[in-house]
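First comes the structure, then the notes that go with it.
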Amino acid sequence: MSTSLVLEQLLNGVQFGVMLFLMAAGLTLIFGVMGLINLAHGSLYMIGALVCATVAAWTGSFWLGLAASLVGTAAAGALIEVAVIRRLYGRDHLDQVLATFALILILSEGARWLFGSFALYLDIPPVLSGSVELPGGVHYPLYRLAIIAAGLLVAVGLYLLISRTRLGMRIRAGESDREMIGALGVDIQMLYTIVFALGAALAGMAGAMVGALQSVQVGMGEPVLILAFVVIVIGGIGSVRGALVGALLVGIIDTMGRILLPQMLAAVIGPAKAAGIGAAIASMSIYVVMALVLALKPKGLFPAGT
Amino acid sequence: MRKILAAGLVTLSLTALATAEPVKVGLITTLSGGGAGLGVDVRDGFMLALKLNPDGAKDITVVAEDDAMKPELAVQIADKMIQSEQVDVLTGIIWSNLAMAVVPNAVAQDKFYLSPNAGPSPLAGDKCNANYFNVAYQNDNFHEAAGQYAQQSGLKKVFIMAPNYPAGTDSLNGFKRYYKGELAGEVYTKLGQTDYAAEIAQIRASGADSVFFFLPGGMGIAFVKQYAQSGVGTPLIGPGFSFDQDVLAAIGDPALGAKNTASWSPDLDNPANKAFVDEFKKAYNRLPSVYAAQAYDTANLLISASTKASVKDAEAFRAALKAAEFNSVRGKFKFNTNNHPIQDLYVREVVKDGDTLTNKIIATAFTDHGDAYAEKCAMK
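Just so you know, the protein sequences line up as chains L and R, in that order. Just so you know, numbering that gives the first Met the number 0 puts 48 at position 49 of the first sequence, and the rest follows in order with no gaps. Just so you know, numbering that gives the first Met the number 0 puts 292 at position 293 of the second sequence, and the rest follows in order with no gaps.
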């Protein structure tokens with residue numbers, strides 16, 4: 000196996016990880032600040048992709064679609080928070096899981112009613128089409144590089160937002176003691192709505208960007224949601240830094256495992272069997288990593304509040 | 000003279016009356032979730048055939064229910080339909096794992112099952128049943144045709160790829176049954192995987208002269224789009240499912256020129272098919288897929304049998320089904336000893352017709368092709 004192939008796969012892993020980070024960041028923020036398990040996060044990812052595809056089809060511009068999906072998912076997030084989620088903060092996690100699972104069903108069938116059962120068309124913007132040659136002779140699609148760049152920018156932006164701004168200060172305060180900041184006169188309800196809308200917009204952004212690579216259809220959010228949960232469990236629930244590290248770890252392990260395991264097995268048991276067995280083991284790899292992390296560090300790599 | 004004619008007419012209508020026993024059909028298909036596009040097409044194709052033949056279908060009633068692509072739900076619905084709704088015939092299932100959960104049970108209770116899509120190998124082989132008729136294909140068929148096409152067109156180094164589940168391994172085995180050249184690579188992906196960057200990098204590095212892949216639904220859309228963006232450019236071959244009408248619009252132009260194999264195509268030149276495609280477009284404002292075509296044939300087979308024999312007379316009804324005397328949109332159609340089709344399989348190419356992407360037949364891979372499992376079936 001050539002170094003350029005390894006390098007290309009590494010980039011693929013990073014790109015996958017960055018996409019997972021956008022999902023996991025919102026999920027972990029919402030859990031960290033509000034103590035809420037939001038299963039409907041994958042539906043917001045789906046809404047982002049559907050809105051982007053629809054607006055892009057109307058206007059012919061991916062960028063307008065992306066902007067619309069950010070605004071649309073943030074609005075949908077705020078609406079969901081005010082209408083449903085707000086009533087769940089005082090309840091235990093089982094109630095939250097039930098209610099947000101119901102939201103998945105409602106949003107999925109609502110989306111089918113609005114957008115239809117067939118997959119929608121969404122292509123990458125022409126500016127970012129084609130591939131570029133990187134040092135080491137790797138040809139890599141420009142759009143995937145753009146996803147990596149956008150994801151890293153969001154990571155930096157989130158870091159600055161949380162550590163340097165007044166809103167970030169309130170978010171951190173909300174994480175450590177929500178009664179106290181309420182008592183200090185911060186409008187905690189407003190803060191929760193903002194955080195939820197922010198998380199929703201991040202999921203929508205991931206959906207829109209990935210939608211151009213994949214198929215945009217109802218039900219596309221749930222497989223990603225599972226991976227996003229794996230990421231925040233590995234990274235430490237509530238920690239944005241943990242989400243970034245966890246997401247990159249999951250992205251790279253999953254991608255490299257898919258390539259390397261069948262090839263390594265092929266040397267031992269022959270290519271025909273290795274293809275099937277290797278693929279099966281590779282699909283388990285991230286869960287094995289999660290189990291290991293949980294065994295060694297039960298609170299994840301970066302427990303919140305450290 | 001007039002008297003004789005009149006008497007003849009009376010007897011004719013009397014015989015028609017005598018056999019016009021009501022037939023209750025239970026249509027179980029996927030109408031919600033990720034696979035709903037296929038189920039909607041099956042339902043629409045089936046109902047269209049009944050609508051276009053009001054005389055033949057006047058005694059047929061249909062109850063349709065959504066299985067959400069879940070085997071346990073499909074089993075529950077089938078039980079309910081058999082026990083409380085008392086259906087005579089079941090049909091509609093898209094997915095092989097659901098068919099395996101429902102069909103053996105239904106035929107054991109002396110119900111008829113007509114498959115508009117799924118054709119798992121056990122039901123064609125040692126678990127075949129006289130009450131189970133597959134109007135679509137045996138699962139391997141489209142993949143065998145693709146292998147035959149690759150062999151005929153002199154390909155030497157094909158990269159093959161499918162999801163790691165029973166229909167995926169069947170697919171690659173079907174392909175390899177007729178393709179005898181070297182494999183540039185054989186990859187099983189995770190079911191439901193949506194990012195194929197890693198596999199595409201392997202294809203690029205493998206030096207393949209073409210790529211055969213079976214990735215149904217959203218997986219295929221994702222793969223073809225990413226493949227086009229990567230600029231690898233090695234030609235794509237797939238079974239018809241990978242490039243059918245339900246996914247073409249979502250894939251867009253990257254699908255142009257891809258070769259795929261199926262038993263049907265919208266441009267297939269026969270009167271029944273022309274009428275079907277026109278009427279489907281008129282009724283639903285979109286082009287039909289191969290799933291819709293198969294369901295349309297299934298309904299027409301049912302009509303043909305129910306006008307000839309009473310469904311309560313299982314022996315006669317079975318014989319009427321087996322005779323397959325209906326105008327298939329596939330041109331010719333007959334049943335093999337194991338109640339699976341013997342039919343032609345075509346190689347199609349994705350082309351642009353105005354603004355719409357669709358398929359056009361460019362070659363015939365097999366004439367009167369059965370399946371590899373018929374010998375294992377005890378029925379003769």
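By construction, the Cβ of each residue, glycine as well, lies at the ideal position given by its N, Cα and C atoms.
Cross-strand partners of residue i (DSSP beta bridge)
i	result
L344/R	F365/R
M160/R	V186/R, F212/R
D352/R	T355/R
N259/R	G237/R, R347/R
I360/R	R347/R
S327/R	G330/R
V215/L	L119/L
E181/R	K156/R
First and last residue of the uninterrupted beta strand (DSSP E) at residue i
i	result
K126/R	Here K126/R belongs to no beta strand (DSSP E), and DSSP marks it neither H nor E.
N299/R	That residue, N299/R, is in no beta strand (DSSP E); its alpha helix (DSSP H) goes 289-307.
P140/L	137-140
N133/R	131-133
F111/R	111-114
A63/R	59-65
L89/R	88-90
Cβ separation of residue i and residue j, assumed to be a contact under 8 angstroms, to the nearest whole Å
i	j	result
V249/L	G16/L	6 angstroms
M218/R	T193/R	7 angstroms
A323/R	K307/R	Their Cβ separation, rounded to whole angstroms, is 11 angstroms, which puts A323/R and K307/R out of contact at 8 angstroms.
E20/R	S303/R	That pair is no contact at about 15 angstroms.
F30/L	G150/L	Not confirmed; about 20 angstroms, so no contact.
V41/R	A294/R	4 angstroms
Beta carbon proximity, residue i to chain R, threshold 8 angstroms
i	result
S130/L	yes
S1/L	yes
L212/L	yes
G16/L	no
H40/L	no
Y44/L	no
P134/L	no
A23/L	no
A148/L	no
S60/L	no
G47/L	no
L4/L	yes
R86/L	no
Cβ-heavy atom distance, residue i to the ligand GDP, below 7 angstroms
i	result
D352/R	As for the ligand GDP, it is missing from this structure, which has no ligand bound.
Start and end residues, alpha helix (DSSP H) containing residue i
i	result
K23/R	Looking at the DSSP string, K23/R is not in any alpha helix (DSSP H); the run it does join, the beta strand (DSSP E), is 22-28.
V41/R	35-51
K273/R	270-283
L224/L	220-234
V131/L	Note, V131/L: premise wrong, no alpha helix (DSSP H); beta strand (DSSP E) at 130-133.
T168/R	165-177
T308/L	No answer is possible for residue 308/L: the residues shown for chain L start at 0 and end at 305.
K224/R	217-229
M168/L	165-175
G250/L	239-268
K310/L	Any answer about residue 310/L is impossible in this case: the structure gives chain L only from 0 up to 305.
E374/R	No alpha helix (DSSP H) holds E374/R; DSSP gives it neither H nor E.
Residue-level contact to chain L via CB, residue i, 8 angstroms cutoff
i	result
A254/R	no
A362/R	no
V39/R	yes
N116/R	no
N163/R	yes
S170/R	no
A166/R	no
G230/R	yes
A380/R	Residue 380/R lies beyond the range of chain R shown here (0 to 379); nothing can be said about it.
G32/R	yes
Using a beta-carbon distance cut-off of less than 7 angstroms, what residues from the region 267-295 of chain R approach chain L?
Listed in sequence order: no entries.
Against chain L: residues of the region 209-224 of chain R by CB proximity under 7 angstroms:
Correct list: G217, I220, A221, K224.
Chain L contacts from the region 174-207 of chain R (Cβ-Cβ distance under 7 angstroms)
The region 174-207 of chain R vs chain L, Cβ under 7 angstroms: E185, V186, Y187, T188, K189, G191, T193, D194, A196, A197, A200, Q201, A204.
By the 7 angstroms beta-carbon criterion, what residues does the region 236-255 of chain R contribute toward chain L?
Listed by position, the residues of the region 236-255 of chain R near chain L (Cβ gap below 7 angstroms) are D245, V246, A248, A249, G251.
What are the residues in the region 84-96 of chain R lying within 9 angstroms of chain L by C-beta distance?
Residues: none.
Where the region 106-124 of chain L meets chain R: residues whose CB sits under 9 angstroms from a CB there
The residues in question are S107, E108, R111, G115, S116, F117, A118, L119, Y120, L121, D122, I123.
Could you list the residues in the region 173-187 of chain L with a C-beta less than 8 angstroms from some C-beta on chain R, going in chain order?
Listed by position along the chain: nothing, the set is empty.
Name, going along the chain, the residues of the region 190-220 of chain L whose beta-carbon falls closer than 9 angstroms to a beta-carbon of chain R.
Only V209, A211, L212, Q213, S214, V215, Q216, V217, G218, M219 from the region 190-220 of chain L bring a Cβ to less than 9 angstroms from some Cβ of chain R.
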